[in-house]
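Visitor: Just so you know, the protein sequences line up as chains A and B, in that order.
Heads up: the first sequence is residues 1 to 236, going by this note's numbering.
Heads up: the second sequence is residues 1001 to 1255, going by this note's numbering.
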Amino acid sequence: MKIDPVFIWTAFVKLLSALPMTLFITAISVGAGLVIGSIIALLRIYKVPVLQHLAAFYVTFIRGTPMLMHLFLVYFGLPALIDAVSGAFGWTFKSSSVPILVFVLIAFSITAGAYLAEVIRSGILAIDKGQLEAAYAIGMKTPQALWRIVFPQAFAVSLPNLSNSLIGMLHGSTLAFTVTAVEIFAEANIVATTNWKYFESFIAAALLYWGITLLIEKAVAVLEKRINVYNRGGVA
Amino acid sequence: MGRRFEFGYILEFIPKLLDYLQITLLIVAASIALGLIVGLIVALPRMYHIPVLKRISAVYVSFFRGTPVLIQLFLIYYGLPELLKGLSIDASKVPVLAFVILTYGLHSGAFISEAIRAAVGAVDRGQVEAAYAIGMSGFEAFTRIVLPQAAAVSLPVFANLVIANLKDTSLAFTLGVMEMTGKSQTLGMTTQHFIEVYIALSLIYFVVSMILERLFLLAERRMLKYQPELAGHTSKKRLLQGLFLPQFKKGGEQA
């Protein structure tokens, strides 16, 4: 079997049909992860009794176990839980009516939440306390001060980490193939097995992921330059 | 999907999975060892600004950091034998485990090379100059003066890489390697108690991660002994992170 360079292009075009799914999984899980992560980070920064320990446990546990485990636990555990609850209350709702993609999104959001919680926490802690005090001094309430003063600056500080997390979740979305969600990697597998051209298909998939990763890095670099304008120091 | 949840199965599965922990750890150890060699080789041209080679290094690092490890696994598993066939070498008898170790080695090599570059950059330039001043050669100055200091600086990053590598090994089952996750698949299939298997497996990964983290923390404190101000800083910061849940450490020690 010889390597067929033309088929790499053919496979690449076929893989593009699965690109929206990959981007969708990545975007939703990072989006939900940002919400979860912010809540977790605030619980820990403000040392909310009991909840801060739960939050810390969540972060440590998720970061200490493979992403694949989160997917499998949610994929196998949540339907059983839904059916048990549904059965106990006599509802007609069955877990089989929930699309697989929903479980994938829930699992990846849980993963992203833990990693982003640490990113957000370190970002917020990097902001000088004086900023918050100044916000209070001019009469802002805590949510206002956080939202308008602390978060924008923390965002700028943690942009490199956010970009890493985003790329990590993009690469992690390949795991969705294990539960038969058809994203780029699953599509590459299909193209590979139906045409019996494994190497070419995976080269195409690798190139596609590499391209998206480079795009994200470029976009973040541009954003970083823009967002840090306020922070350049000096007088003018 | 599966049978009723039974807590007893978790306890039953843990020892069965632990039998395969050694394969997982073998993959981690071998690929990190390979990754250290690859990482150093890849980092050198970029640190010493060797033309052409530094470009190749940069592309290598960008590729292995820019693509999912799952794709790299499949790429090397399916691609390498074909490339070797072109050189009339038969790779069909090579065990899958070798491909897996090679992939994870190349993957972590890219990350390790970046860690090495950052750490070497963090060593004060005066150290090299002092080494030259007492008559050391470039090689001696690097291996005897810069590298030991860089190793201490990069230990936290390295610890994260090892733990990430441990978690990544869970993907080796996709190629049919019988490590812990591979075993969990067969256990799940035969008993139909999937949730219990994955809970047991997660607990094992979690405990191993925690133990690795502790070990690296101890190593870091030892290696930074000669710089007490730095050691105090890092260990205090990371101890604080570890303090939030004392019961974890107990869990880690019991296991």
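By construction, the Cβ of each residue, glycine as well, lies at the ideal position given by its N, Cα and C atoms.
(1) Identify whether P1095(B) lies in helix, strand or coil by the three-state DSSP scheme.
(2) Determine contact between the region 208-221 of chain A and the region 1054-1070 of chain B, defined as no fewer than three beta-carbon pairs at a distance below 8 Å.
(3) So what does DSSP say about A221(A), is it helix, strand or coil?
(4) Could you compute how far the alpha carbon of A112(A) sits from the alpha carbon of L159(A)?
(5) When the Cα of S29(A) is compared with those of N195(A), H171(A) and L207(A), which residue comes out closest?
(6) List, in order along the chain, the chain A residues whose C-beta lies closer than 9 Å to that of P1210(B)?
(7) May I ask you to verify whether the region 185-202 of chain A touches the region 2-17 of chain A, counting CB pairs closer than 8 Å and requiring at least 3?
(8) For A55(A), name the three-state secondary structure that DSSP assigns.
(9) Given a cut-off of 9 Å on the beta-carbon distance, is the pair P79(A) and V98(A) in contact?
(10) Ordered along the chain, which non-local residues of its own chain (more than five positions away) have a Cβ less than 7 Å from that of F1158(B)?
(11) Let me confirm a value: L162(A) is counted as buried when at least 16 other C-beta atoms fall within 10 Å, else exposed. Which label applies?
(12) With I1071(B) and Y209(A) assumed to form a contact (beta carbons below 8 Å), what rounded beta-carbon distance in angstroms separates them?
(13) Taking the Cβ atom as the reference point for each residue, do V1153(B) and Q1127(B) lie within a distance shorter than 9 Å?
(14) Taking only beta-carbon atoms, is V1287(B) less than 9 Å away from chain A?
(15) Leaving out the 5 sequence neighbours to the left and right, which residues in its chain are closer than 8 Å to I167(A) when beta-carbon positions are compared?
(16) So, at 6 Å on beta carbons, what are the nonlocal neighbours of S1256(B) in its own chain, with the 5 sequence-adjacent residues on each side left out?
(17) Please go through the region 1117-1202 of chain B and give each complete alpha helix (DSSP H) segment of 4 or more residues, from N-terminal end onward.
(18) Could you give the C-beta distance for I184(A) and T22(A), rounded to a whole number, given that I count them as a contact under 8 Å?
(19) By Cβ distance, which residues of its chain are closer than 7 Å to L1155(B), with the 5 residues on each side in sequence left out?
(20) Report yes if the CB atom of I40(A) is closer than 9 Å to the CB atom of R121(A), and no otherwise.
(21) Going by beta carbon distance, what residues of the same chain come within less than 7 Å of F1013(B), once the five residues before and after it are set aside?
Guide: Reading off the structure:
(1) Taking the first residue of the second sequence as 1, we reach residue 1095(B) at position 95. Here P1095(B) sits in coil by DSSP.
(2) They touch, by the three-pair rule.
(3) Along the first sequence, read from residue 1 onward, the residue named residue 221(A) stands at position 221. Reduced to three states, the DSSP call for A221(A) is helix.
(4) Translated into the one-based positions of the first sequence, residue 112(A) becomes position 112. Translated into the one-based positions of the first sequence, residue 159(A) becomes position 159. Straight-line Cα distance between these residues: approximately 15 Å.
(5) As a working note, residue 29(A) is residue 29 in the first sequence. Out of N195(A), H171(A) and L207(A), H171(A) has the C-alpha closest to the C-alpha of S29(A).
(6) If you number the second sequence from 1, residue 1210(B) lands on position 210. Note that residue 1210(B) corresponds to Met in the displayed sequence, not to Pro. Going along chain A in sequence order, the residues near M1210(B) (Cβ under 9 Å) are T60 and G64.
(7) Taking 8 Å as the limit for Cβ pairs, the verdict is that the region 2-17 of chain A does touch the region 185-202 of chain A.
(8) By 1-based counting over the first sequence, the position of residue 55(A) is 55. Helix.
(9) Residue numbering aside, residue 79(A) sits at position 79 when the first sequence is read from its first letter. Residue numbering aside, residue 98(A) sits at position 98 when the first sequence is read from its first letter. With respect to the 9 Å criterion, P79(A) and V98(A) are classified as neighbours on the basis of their beta carbons.
(10) Counted from its first residue, the second sequence places residue 1158(B) at position 158. Excluding its 5 nearest sequence neighbours in each direction, F1158(B) has C-beta neighbours in its own chain below 7 Å: A1115, listed in chain order.
(11) The count along the first sequence starts at 1 and reaches residue 162(A) at position 162. With 16 or more neighbouring CB atoms inside 10 Å of its own CB, L162(A) falls in the buried class.
(12) The count along the second sequence starts at 1 and reaches residue 1071(B) at position 71. The count along the first sequence starts at 1 and reaches residue 209(A) at position 209. Yes, they are in contact, since the Cβ atoms of I1071(B) and Y209(A) sit about 6 Å apart, within 8 Å.
(13) Numbered from 1 along the second sequence, position 153 holds the residue referred to as residue 1153(B). Numbered from 1 along the second sequence, position 127 holds the residue referred to as residue 1127(B). No.
(14) This structure gives no information on residue 1287(B), because the portion of chain B shown stretches from 1001 to 1255.
(15) Taking the first sequence and counting its residues from 1, the one referred to as residue 167(A) is at position 167. Within the same chain, T213, I216 and E217 come within 8 Å of I167(A) by CB-CB distance, once the 5 residues on both sides are set aside.
(16) Any question about residue 1256(B) goes unanswered here, given that chain B covers just 1001 to 1255.
(17) Runs found: 1125-1133, 1147-1168 and 1180-1191.
(18) Numbered from its first residue, the first sequence carries residue 184(A) at position 184. Numbered from its first residue, the first sequence carries residue 22(A) at position 22. Contact annotation, I184(A) with T22(A): C-beta distance approximately 5 Å; criterion of less than 8 Å satisfied.
(19) Locating residue 1155(B) in the second sequence gives position 155, counting from the first residue. Here the set comprises F1216, A1219, E1220 and M1223.
(20) For the purposes of this step, residue 40(A) is identified with residue 40 of the first sequence, where counting begins at 1. For the purposes of this step, residue 121(A) is identified with residue 121 of the first sequence, where counting begins at 1. Going by C-beta atoms, I40(A) is nearer than 9 Å to R121(A).
(21) Along the second sequence, read from residue 1 onward, the residue named residue 1013(B) stands at position 13. If the five residues before and after F1013(B) are omitted, its C-beta is found closer than 7 Å to the C-beta atoms of L1187, E1196, V1197 and A1200, all from its own chain and listed in chain order.
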